[in-house]
Structures are given as structure tokens and as C-alpha cells.
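Residue numbers (my numbering), protein chains in the order written: chain D, -10 to 351; chain L, -10 to 351.
Printed below as a string of C-alpha cells:
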């Protein structure tokens, strides 16, 4: 589904700075899908010259037409603004993309498909608009069909929001693909959807349908992936958002869990609720899913960006000792070790199925 | 909030039969709020003569005008139809109520507030329309304010959907009030809302806001109640709807839980998921809330309507022995025993607060 999207990532003056974080995510995890960045302020340079940590060789061009000449077929709105409105400076390039018949992918709250001018323009030129915050209007409740998928489903749980669940699944996807496995992320939040080009933003889904949304997403992604890496949300101990967590956890019907955590975090952000120790969190998740569809936590993914190298190594070591499970920071050291832990947990039967499928796939 | 609603319950030919179940719920649990039933087919008789098990003395009248003469100030649409459309026969009486300036309470999927003719009529006459399936549009995420309420919050959990959670909370409310306690239900489903006249239908709330909706509801009800009895939904082991369950469970921040179950039920309806034994369900709920806000299960409410008297007594006894907790069927034997179990668990400090409040309340 995502393989034929070649992005012109529109940042128009915002490539540098916090508003450009959507573009940064796509450039980090989908460099192969980015044909060019459209940003007049930095035109003529390469992304790595402007944002060195992205290490991206993508060219920066002055307008959409130039990106199309380079091969782009989809405009990705690469900014995240406070309030989610489309900045005025981006309107002209979005209209140009619509007039050129490009696909448009947008994660802002402002729905471009409901903007009369942009929508009419896209329609006239035969293009399409995907507002990723918009939940599908034909969602159903969970049916149990997800229990039947032959793909191996891995779900990223976490101790809190913002502890690296999305980063972990994309790092694992990259490592699995490097190991020759057909793996794909099932994104459940706006940024993940923009990176992957598919997914459902569950924060906009009516509560009865969260499980059904997760199930549908897993089944969709499983059509072309032997390993589905589901981006979890929040935490089972989160006083405000655990409904979303549990809906996704049951609805995606995982075979294995990865537990994500930021070392040093002691309480749920904004609340006095204590985050349980890692071994207790492992047990709590396994007990919860055991009653519905059993799955084990097979690895711990740590976000150690705030620590120096030796403190990070010590934190990773502590997590290993506390849980008896493989632990790593998939950004700091690449996702290979974590992926190996998941591959080791992947049942022999599932692996045999993959080989079987490989044998019949041309 | 509910005390000044005097209902004309509109059934118009459907008082007898399954479509009248909404009217039946209101007549069973809110007889004191029902001024009259409007149903031309049975006009001139009393409800007990038409539906004996309701034991209601409410008069049945031929039209809305007659109900108003008897003192009704609100029309309650008393039918639940497949598909949730307003039956044609009910349109004229609804319009008559709107023209008379009555409040209109409606639980059908068809929103009467969005019906141009009915809405215009109500507006012109100074009436109001409450479509209870419609979630408030100003919901927020859970803030933690529910932790601060001085009322005693009791939450009804269950082994599955349709095991008597709504019936239990209304039976407990009745028993608590009979014992002189200011108790009130916080309804979270359509039928409960129609019975109580307030509440939020959480099946229509966006997943991020389920906890916030529960919190808001608890705080609203707590304004005039020392004991808030929250109607739970589904089950923590329900593969499809546990998101709603957990969102309500964390968001209502209960002080105590009542576990509802129908003896003999072995699997979640529609799924192969096994319902754990009662003692395991007690432990699972207590462990889940212990990490966020601790609460104990203080009673087991059984729905034994499908059993004969001796089988029901045996099932109640078995539940007591399995859990070591008070157990009863609050419909079969009245809610007094179950209420007593909850009152016994009500901390002395809370009771002192209630006495304190009684001392200052005129």
C-alpha cells in the first residue's frame, strides 16, 4: 500500500525547528519514500546540510513542480502546528500539488478534503486527499477475525505516553526488513500514519470501535506482511487513556508484546499514579491478555536519549536484570538486537508458514 | 437534576411487547416520575392491568394533552425499535408535546433535535429536546478531578455484557434511598439514561474522552448524591468492548466495586473467550484498579432470572462461598442486602462527611 508513494515533503520555511517534526519522522524512517523536500528557504541544498542528525540525502527544492520532475507523486504536509491549522505559506504549494493531480497526505486537524478550493482542485485533476486524522466512517466492532491471521503480530505497549512506542516499531520494522523479513508497522497515531502512509488515528475513533479499528488495521497490514508491528498508545496504567491502550491491545490480538519505557520515569505524566517496576509491568500485561488471547512480553525497548552512553548502558543492563528479557535502545544501537529477540519468540510454525509463502510467491 | 421531570411515557400501541422495554425500565425504576403513559390502544386502563409484572399504578391516557392535564412536563419516547427510527405512529404525539412546550427525552438513534419540524416546533414553544445518544460536544480528557469527590463512588463491573449491571445499580439506588442515603445512579448507556433522566451514552464517545466522560458524570451526580452508583459497561475480559469498560473504570475513580454476573455463563457472548471464575474476576479487577486508584469488590450481584427459586438460592450460595463476599440477586430479593454490603464497606470517614453535610444542609 505504501510502496508506490513517492513523497514531496512540504515544509515551506519550517524544515528547521519543532514544527518540522512530521517531516523529520518521515525523513528518518522513510528516506526511501522521500523524493524531495519542498522548502523555498533551503532550496538547492540537501537535507543533511540543514538538519545533520537526519543524515538524509534528499534534495530540497523550491516548488512542487520541481519535486514532480524528480518523480514525486504525493505531497505530504510535513508540518505539525499548534492547533493543527494549515499555515498560510503552505496553501499555495498544496493547491499546486492538487492542481497537478498529486495525492495529498495530511495529518493536521484541519481537513484538506473539506477545504472547498483544495478539494475541487484535486477532484478536477484526478488526485486524492488523505486526511489521516479522519477515522474511516465504516468501522465495525471487533469480530475476532484478527485471531485468524497467519502473520505474526507484535504489539508495542508502554509504561506511559511518549516512551518510544512509535520509534520502536519503526526501528524494528527496519531491522526485520534488513534481515529479509516482510515486516510492516500498523500505525495508530498521526505521526506513525504519516511515516507509513496508512493506519488509523485511534484518538478519533468512537470507543465501541477501537478494537474493531485495530483488528481491521492488523488484517490490512497482514495482507502484505508476515510480521505486523502494531503501534500501541498510552499505557494500561494511564488514568486517562488506558481505554485506548486496552482497545488496541485486545483488538490487535498480538502474538507477542514489546514493552517500551524511558528509564527514570516514575509517575504517569500529569498524574500522581506510580509507574510499576518493569517486571511488574511485564506480569500485568501478560495477565491481562492471558484471559483473552495469551501473549508474552519478549523484549524491552528503552528510550535512553536523555542519558549519556554509560548511563544508557547501565539502564539497559538494569532492565535486562529486572525482567530476564532482552533489552535495548533501538535508536541508540539499531533495532537488530531487539528484532532478534522477537524473531526468537516467533513460533516455528509461523516461520514455516513464511517459508511456505515465499516458496509460492513469484 | 432528575427530580423535576414528570414523564408522559409515549408508547402509542407498543406498551405491550419487546419494543416497549424502554417504557418498562422507566416504569420499574422510576414509577414516581411517571405521570402517565400515552398509548391510545390501552387508554383508560392502568399499567398494571396491561403489564402486570410492572405493578405500576400509572394511568394510560389517549394523548399528550391529557398527560399534561395530569401534570406531565416531559415526554419520554418509551420505545426501542430495531434500527432506532421513530415509528410513524409516534410522530404526531411527539409534535403535540413539542408544540405544548414539553421537554422531550429520546433514546432512539434518530435524533429528534435534528428533525427540522420537531425542533422548530419545540423552539417556538420554548421547550427542549434531549437526544440521549448524543454525546456532549465539550467532553475533555480525564483530569483526575474525580479523585477529589467527597461522595462514595461505587462502580458496577461485570463478567460480560447483559449480566445485570444496570439493573443492579438502580436496585442499589432504591435500597440506599430506602435506607435514608442520598444515592444516585450515574448512567452510561441509553436505557439507564432514560430511566435516570441524565447520563452519557459512552458508546458514542470518542475513545480519548471515555475517561473524561465518566469523570464528568461522576462529578455531576456527586453534586446531589453522597453515594454515586456508576453503571459499568461490558467487561475487562470482553475482546470487543473492554476499552469502554476500562475507560469507565479508571475515569469514574471508584471507591468500591460490585461484580455482576449471570450464573451459568461460561463464555463471552459471541466469542470463545472463557469467563474466569468469580474469585479470579474479583482479583483481576482489584489488581487492575490497584495500580491507578485502589478499590475492592465489596459484593456480588447475580442475575438469576433464568433460574427457579432453589437453583437461584444455590447459585447465590455458591457465589458467596467462591468469593467470601456478600452475594445476592437484587431483583429477586430487593437490593437491601447488597446495599448493606456496600454500606459496610463505606469508610467511616465518608459517613462522617455525610453526617457533616447533613448538619449544614438546610
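The C-beta atom is built at its ideal place from N, Cα and C for all residues, glycine as well.
Model, not experiment: these values are computed from the prediction.
Whether residue i touches residue j by CB criterion (8 Å)
i	j	result
residue 359(L)	residue 209(L)	Here chain L covers residues -10 to 351 and nothing more, so residue 359(L) does not appear.
residue 156(L)	residue 320(L)	yes
residue 228(L)	residue 259(D)	no
residue 183(L)	residue 121(L)	yes
residue 40(D)	residue 4(D)	yes
residue 288(D)	residue 331(D)	yes
residue 295(L)	residue 148(L)	no
residue 162(L)	residue 218(L)	yes
residue 68(D)	residue 76(D)	yes
residue 201(L)	residue 128(L)	yes
residue 248(D)	residue 267(D)	yes
residue 142(D)	residue 283(D)	no
residue 326(L)	residue 236(D)	no
residue 153(L)	residue 199(L)	no
residue 195(L)	residue 27(D)	no
residue 111(D)	residue 56(D)	no
residue 191(D)	residue 140(D)	no
residue 89(L)	residue 51(L)	no
Run of the beta strand (DSSP E) containing residue i, from where it starts to where it stops
i	result
residue 260(L)	Looking at the DSSP string, residue 260(L) is not in any beta strand (DSSP E), and its letter there is neither H nor E.
residue 24(L)	23 to 27
residue 250(L)	245 to 250
residue 51(D)	Note, residue 51(D): premise wrong, no beta strand (DSSP E); not H, not E.
residue 314(D)	Neither: residue 314(D) is in no beta strand (DSSP E) and is coded neither H nor E.
residue 225(D)	Segment: none, residue 225(D) is in no beta strand (DSSP E) and carries neither H nor E.
residue 144(D)	141 to 147
residue 92(D)	92 to 95
residue 189(L)	Premise fails: residue 189(L) is in no beta strand (DSSP E) and is neither H nor E.
residue 173(L)	172 to 175
residue 207(L)	Residue 207(L) -> not in any beta strand (DSSP E); alpha helix (DSSP H) instead, spanning 199 to 211.
residue 287(L)	285 to 291
residue -2(D)	-4 to -1
Limits of the unbroken alpha helix (DSSP H) element including residue i
i	result
residue 328(D)	325 to 334
residue 120(D)	From DSSP, residue 120(D) is part of no alpha helix (DSSP H) but of the beta strand (DSSP E) over 117 to 120.
residue 391(L)	Residue 391(L) lies beyond the residue range present for chain L, which begins at -10 and ends at 351; the question has no answer from this structure.
residue 9(D)	Neither: residue 9(D) is in no alpha helix (DSSP H) and is coded neither H nor E.
residue 279(D)	267 to 279
residue 63(D)	That residue, residue 63(D), is in no alpha helix (DSSP H); its beta strand (DSSP E) goes 63 to 66.
residue 78(D)	77 to 88
residue 113(L)	105 to 114
residue 39(D)	36 to 39
residue 131(D)	Neither: residue 131(D) is in no alpha helix (DSSP H) and is coded neither H nor E.
residue 162(D)	154 to 167
Contact set between residue i and chain A, taken where Cβ atoms lie within less than 7 Å
i	result
residue 130(L)	Of the protein chains in the structure, D and L, none is chain A.
Buried versus exposed call for residue i [16 or more other C-beta atoms within 10 Å across all chains shown]
i	result
residue 204(L)	buried
residue 42(L)	exposed
residue 109(D)	exposed
residue 297(L)	exposed
residue 81(D)	exposed
residue 95(L)	buried
residue 1(D)	buried
residue 334(L)	buried
residue -10(D)	Here the model assigns residue -10(D) a pLDDT of 39, short of 50, so the residue's position is not dependable, and the following value carries that caveat. By the neighbour-count rule (16 or more Cβ atoms within 10 Å), residue -10(D) is not buried but exposed.
residue -5(L)	buried
residue 14(L)	buried
residue 44(D)	exposed
residue 252(D)	buried
residue 188(D)	buried
residue 351(L)	Residue confidence for residue 351(L) is low, a pLDDT of 47 falling below 50, so the modelled location carries little weight; the figure read from the coordinates is stated next. When all chains shown are included, residue 351(L) counts as exposed.
residue 261(D)	exposed
residue 299(D)	exposed
heavy atom of the ligand ATP below 7 Å from residue i C-beta
i	result
residue 299(D)	The ligand ATP is not among the ligands present in this structure, which contains no ligands whatsoever.
**Item:** Chain-ordered residues of the region 213 to 238 of chain D with a beta carbon less than 7 Å from chain L
**Value:** Within the region 213 to 238 of chain D, the qualifying residues are 226, 228, 229, 230, 231, 232, 233, 235, 236.
**Message:** Closer than 8 Å is the cut-off here; do at least three beta carbon pairs connect the region 269 to 279 of chain D with the region 162 to 177 of chain D?
**Reply:** For the pair of segments examined, the region 269 to 279 of chain D was found not to touch the region 162 to 177 of chain D: the number of CB pairs separated by less than 8 Å stays below three.
**Prompt:** Going along the region 160 to 180 of chain D in order, which residues come within less than 9 Å of chain L, judged by CB to CB distance?
**Reply:** With the criterion set as a beta carbon lying under 9 Å from some beta carbon of chain L, the region 160 to 180 of chain D has no members that meet it.
**Asked** Does the region 60 to 67 of chain L touch the region 14 to 25 of chain L, meaning 3 or more C-beta pairs lie closer than 8 Å?
**Response** With the cut-off at 8 Å, the region 14 to 25 of chain L and the region 60 to 67 of chain L touch.
**Request:** Give, in chain order, every residue of the region 272 to 295 of chain L whose Cβ lies closer than 9 Å to some Cβ of chain D.
**Result:** So the list reads 273, 276, 277, 280, 281, 282, given in the order they occur along the chain.
**Request:** Decide if the region 310 to 320 of chain D is in contact with the region 304 to 314 of chain L; the criterion is three or more beta carbon pairs, one per stretch, under 8 Å apart.
**Result:** Counting Cβ pairs under 8 Å, fewer than three are found: no touch.
**Message:** Which residues of the region 122 to 155 of chain L have a Cβ closer than 7 Å to any Cβ of chain D? Give them in chain order.
**Reply:** Contact annotation: in the region 122 to 155 of chain L, residues whose CB is within less than 7 Å of a CB in chain D are 130, 131, 133.
**Asked** Can you list, in chain order, the residues of the region 252 to 267 of chain L whose Cβ is nearer than 7 Å to any Cβ on chain D?
**Response** If you check each beta-carbon in the region 252 to 267 of chain L against every beta-carbon of chain D, the ones closer than 7 Å belong to 260, 262, 265.
**Request:** Taking a Cβ distance cut-off of 7 Å, strictly less, list which residues of the region 182 to 199 of chain L are near chain D, in chain order.
**Result:** Those residues of the region 182 to 199 of chain L placed with their C-beta closer than 7 Å to a C-beta in chain D are 191, 192, 193, 194, 195, 196, 197, 199, ordered along the chain.
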